[in-house]
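*Asks:* Following this message is one structure expressed as structure tokens.
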């Protein structure tokens with residue numbers, strides 16, 4: 004479904020991604036892990052076409068990333084999701100719905116269903132400027148889920164959410180995955196990743212240091228956090 | 043509905059959501075209504091009293107130019123912050139995370155502001171048209187046509203401001219746009235004035251034409267040409283279509299460079 008081949012991204016002299024290659028198959032729940040500044044968001048931005056690789060290629064379903072057609076069945080939630088302050092949550096979702104080809108009654112119904120799914124019923128008519136970070140995040144997740152996307156790209160989706168919100172998101176993502184859809188998740192919450200994801204890649208200083216299924220990455224008596232620290236710090240695990 | 047039209051529609055809706063838009067429109071219409079007394083006054087030239095229709099016609103022509111020129115200020119002010127605001131408030135990500143091309147986004151924004159500005163200008167010109175009709179019973183033929191033709195100038199101003207805002211701070215982009223348009227008014231206006239028959243009686247010889255002036259955006263000349271639809275005077279200074287071609291060409295080239303640059307940029 005998604006293929007990255009030798010992707011390098013340089014900002015001046017700084018290399019944000021260095022020869023990154025991996026494939027995410029259809030129906031896979033893939034986690035991209037790494038410390039701050041590892042290059043995870045850079046990779047996500049290149050998948051969405053917001054940024055272009057200095058070298059290498061990225062394709063979604065065989066279509067080069069960056070082309071509008073590659074995002075036709077893609078939902079995206081940014082790390083620090085922002086909503087235009089003059090729009091209400093409902094208006095924001097209606098706009099997304101219109102770009103998904105939904106109009107009139109079908110758009111209203113889809114938006115209503117999404118509002119219920121992300122727990123924003125009752126607050127949908129308030130202006131986004133009055134939303135808390137968690138509420139904005141819920142609306143952003145709703146927008147990503149609109150139009151039945153086949154691929155969901157989530158950059159820190161539970162950022163700003165309380166434990167209940169985090170649980171809700173986990174349930175939504177599990178349901179989404181069970182429908183055979185693909186998810187790419189950037190997250191620092193390793194316990195969540197361990198519960199949800201099939202495969203993971205750990206990035207450090209722009210490179211992928213390990214990529215495998217969660218069951219292969221996490222060895223006996225280890226947690227994903229232990230593996231993460233070992234690969235990022237290159238030290239033994241303190242028990 | 044294509045994405046471009048959809049974004050243009052959202053742009054108009056978002057601009058009309060702002061109270062400042064209605065305030066500006068109300069102030070402009072109020073200003074026009076306040077000067078309606080000009081159409082009632084007794085005016086005389088060389089002791090001869092002018093008739094109401096003649097006064098209304100001249101006053102309307104003057105106000106036509108004032109409105110058309112004033113619209114440059116409004117369009118550049120609206121256009122200057124579009125890219126940076128969209129980038130800051132998440133609108134850009136909202137559009138481009140969907141299957142929307144960057145060119146559709148940029149052209150949609152430009153089209154939306156252009157349609158809104160053209161409608162704004164048309165309303166102001168229509169107000170003048172109706173005032174004259176109510177006061178003198180006469181219709182100024184070509185007044186509304188000239189207004190629509192002048193909207194091409196607004197498109198140029200919008201595209202230029204969008205283009206400059208990619209490289210300059212917002213306010214500077216608007217200021218540069220107004221400066222470029224201002225130079226067009228000063229250079230072509232002065233040239234036209236120097237070649238006026240009355241001035242020619244006092245100034246001997248033709249004033250020389252600098253090469254840069256020939257290729258400079260002919261915003262002023264386009265407005266002058268549009269106003270000939272009202273005055274029915276012969277358009278002097280250049281060919282009938284030259285000013286249109288000049289401004290249209292500048293607009294198309296600027297839009298092409300803008301899209302090319304925007305396509306390569308990091309969002």
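Chains as they are written, first to last, in this note's numbering: chain A, 4 to 242; chain B, 43 to 309.
Using N, Cα and C, we set each Cβ at its ideal position, and we do this for glycine too.
Nothing here was measured: the structure is a model prediction, and the numbers come from that model.
Of the residues B:102, B:158, B:139, which one's Cα is nearest the Cα of residue 59 of chain B?
*Replies:* Locating residue 59 of chain B in the second chain gives position 17, where the first residue counts as 1. Looking at the Cα atoms, B:158 is the closest of the given residues.
*Asks:* Give a yes or no on whether the minimum CB-CB distance between residue 69 of chain B and chain A is below 9 Å.
*Replies:* In the second chain, residue 69 of chain B corresponds to position 27, counting from 1. Judged by the 9 Å Cβ criterion, residue 69 of chain B is not in contact with chain A.
*Asks:* If you count every other CB in all the chains shown that lies within 10 Å of the CB of residue 133 of chain A, and 16 or more means buried, which is it?
*Replies:* For the purposes of this step, residue 133 of chain A is taken as the residue at position 130 of the first chain. Exposed, by the Cβ-count rule.
*Asks:* Straight-line CA distance for residue 89 of chain A to residue 131 of chain A?
*Replies:* Here residue 89 of chain A corresponds to residue number 86 of the first chain, with the count starting at 1. Here residue 131 of chain A corresponds to residue number 128 of the first chain, with the count starting at 1. Whole-angstrom Cα-Cα distance: 7 Å.
*Asks:* Are the stretch 113–133 of chain A and the stretch 34–44 of chain A in contact at 8 Å, needing three or more beta carbon pairs?
*Replies:* no
*Asks:* Starting from the beta carbon of residue 75 of chain A, find every residue of chain B whose beta carbon is closer than 9 Å, and list them in chain order.
*Replies:* As a first step, residue 75 of chain A must be located in the first chain, where it is residue number 72. Neighbours of residue 75 of chain A across chain B, judged by C-beta separation under 9 Å: 140, 141.
*Asks:* Does DSSP put residue 214 of chain A in a helix, a strand or coil?
*Replies:* Position 211 of the first chain holds residue 214 of chain A. Strand.
*Asks:* Do the CB positions of residue 202 of chain A and residue 8 of chain A come within less than 9 Å of each other?
*Replies:* Walking along the first chain from the start, residue 202 of chain A turns up at place 199. Walking along the first chain from the start, residue 8 of chain A turns up at place 5. Contact: no.
*Asks:* Where does residue 282 of chain B land, buried or exposed, given buried means 16+ other C-beta within 10 angstroms?
*Replies:* Locating residue 282 of chain B in the second chain gives position 240, where the first residue counts as 1. Under this definition residue 282 of chain B is an exposed residue.
*Asks:* How many angstroms separate the CA atom of residue 51 of chain B from the CA atom of residue 153 of chain B?
*Replies:* Residue 51 of chain B sits at position 9 when you count from the first residue of the second chain. Residue 153 of chain B sits at position 111 when you count from the first residue of the second chain. Using only the alpha carbons, I get a separation of about 9 Å.
*Asks:* Taking a cut of 8 Å between CB atoms, which residues from the stretch 126–140 of chain B lie near chain A?
*Replies:* Cβ proximity to chain A below 8 Å picks out 130, 131, 132, 133, 135, 136, 137, 138, 139, 140 from the stretch 126–140 of chain B.
*Asks:* Whole angstroms is fine: what's the gap from residue 14 of chain B's alpha carbon to residue 105 of chain B's?
*Replies:* Because chain B here runs from 43 to 309, residue 14 of chain B falls outside it and cannot be looked at.
*Asks:* I want to know whether the stretch 188–206 of chain B touches the stretch 121–138 of chain B - three or more CB-CB distances under 8 Å.
*Replies:* yes
*Asks:* Report yes or no: is there a C-beta of chain B within less than 9 Å of the C-beta of residue 79 of chain A?
*Replies:* Here residue 79 of chain A refers to the residue found at position 76 of the first chain. So, interface residue.
*Asks:* Examine chain B for any beta-carbon lying closer than 9 Å to the beta-carbon of residue 55 of chain A, and answer yes or no.
*Replies:* Sequence index remark: in the first chain, residue 55 of chain A carries index 52 (1-based). Residue 55 of chain A counts as touching chain B.
*Asks:* Beta-carbon within less than 8 Å of residue 48 of chain A's beta-carbon, same chain only, minus the 5 sequence neighbours each way: which residues are those?
*Replies:* Position 45 of the first chain, counted from the start, is the residue given in the question as residue 48 of chain A. For residue 48 of chain A, where only same-chain residues beyond five positions count, the Cβ hits under 8 Å are 54.
*Asks:* Less than 8 Å between C-beta atoms, sequence neighbours within five positions excluded: which residues of the same chain meet that for residue 139 of chain A?
*Replies:* Position 136 of the first chain holds residue 139 of chain A. Cβ neighbours of residue 139 of chain A beyond the five flanking positions: 84, 85, 86, 131, 163.
*Asks:* Identify, in the order they occur along the chain, each residue of the same chain with its Cβ nearer than 6 Å to the Cβ of residue 209 of chain A, setting aside the five sequence neighbours on each side.
*Replies:* As a first step, residue 209 of chain A must be located in the first chain, where it is residue number 206. Cβ within range, chain order: 18, 19, 20, 21, 42.
*Asks:* In angstroms with no decimal places, state the Cα-to-Cα distance between residue 207 of chain A and residue 69 of chain A.
*Replies:* On the first chain, position 204 is the one that residue 207 of chain A refers to. On the first chain, position 66 is the one that residue 69 of chain A refers to. Each residue's Cα considered, the two are about 25 Å apart.
*Asks:* Leaving out the 5 sequence neighbours to the left and right, which residues in its chain are closer than 8 Å to residue 265 of chain B when beta-carbon positions are compared?
*Replies:* As a position in the second chain, residue 265 of chain B is number 223, starting the count at 1. Excluding sequence neighbours, residue 265 of chain B sits near 107, 110, 111, 192, 195.
*Asks:* Quick one, which of B:239, B:190, B:262 has its alpha-carbon nearest residue 228 of chain B's?
*Replies:* Taking the second chain and counting its residues from 1, the one referred to as residue 228 of chain B is at position 186. Among B:239, B:190, B:262, the Cα nearest to that of residue 228 of chain B belongs to B:262.
*Asks:* For the stretch 48–75 of chain B, list every residue whose C-beta sits within 7 Å of some C-beta in chain A, in sequence order.
*Replies:* 48, 52, 56, 59
*Asks:* Whole-angstrom Cβ separation of residue 80 of chain A and residue 157 of chain A, contact assumed at under 8 Å?
*Replies:* Taking the first residue of the first chain as 1, we reach residue 80 of chain A at position 77. Taking the first residue of the first chain as 1, we reach residue 157 of chain A at position 154. Between residue 157 of chain A and residue 80 of chain A the Cβ distance is about 5 Å, and since that is below 8 Å, they are a contact.
*Asks:* For residue 45 of chain A, which option in A:66, A:14, A:62, A:152 has the closest C-alpha, if you only look at C-alpha atoms?
*Replies:* Position 42 of the first chain, counted from the first residue, corresponds to residue 45 of chain A. Nearest option by C-alpha distance: A:14.
*Asks:* Give me, in chain order, the residues of the same chain whose beta-carbon lies closer than 7 Å to that of residue 216 of chain A; leave out the 5 immediate sequence neighbours on both sides.
*Replies:* Taking the first chain and counting its residues from 1, one reaches residue 216 of chain A at position 213. Closer than 7 Å at the Cβ level, and outside the excluded window around residue 216 of chain A, lie 201, 202.
*Asks:* Residue 35 of chain B: buried (16+ other C-beta within 10 angstroms of its C-beta) or exposed?
*Replies:* Residue 35 of chain B lies beyond the range of chain B shown here (43 to 309); nothing can be said about it.
*Asks:* On a Cα-Cα basis, can you pick out the residue from A:120, A:59, A:96, A:150 that is closest to residue 129 of chain A?
*Replies:* In the first chain, residue 129 of chain A corresponds to position 126, counting from 1. Ranking A:120, A:59, A:96, A:150 by Cα distance to residue 129 of chain A puts A:96 first.
*Asks:* Counting only C-beta atoms, is residue 242 of chain A closer than 9 Å to chain B at any point?
*Replies:* Taking the first chain and counting its residues from 1, the one referred to as residue 242 of chain A is at position 239. For residue 242 of chain A, the pLDDT reaches just 42, beneath the cut-off of 50, and the residue's location in the model is therefore unreliable, although a value from the coordinates is still provided. No - not a single Cβ of chain B is within 9 Å of the one on residue 242 of chain A.
*Asks:* Using a cut-off of 9 Å between C-beta atoms, extract the partners of residue 309 of chain B located in chain A.
*Replies:* Walking along the second chain from the start, residue 309 of chain B turns up at place 267. Near residue 309 of chain B (Cβ distances below 9 Å), the residues of chain A are 48, 51, 52, 53, 54.
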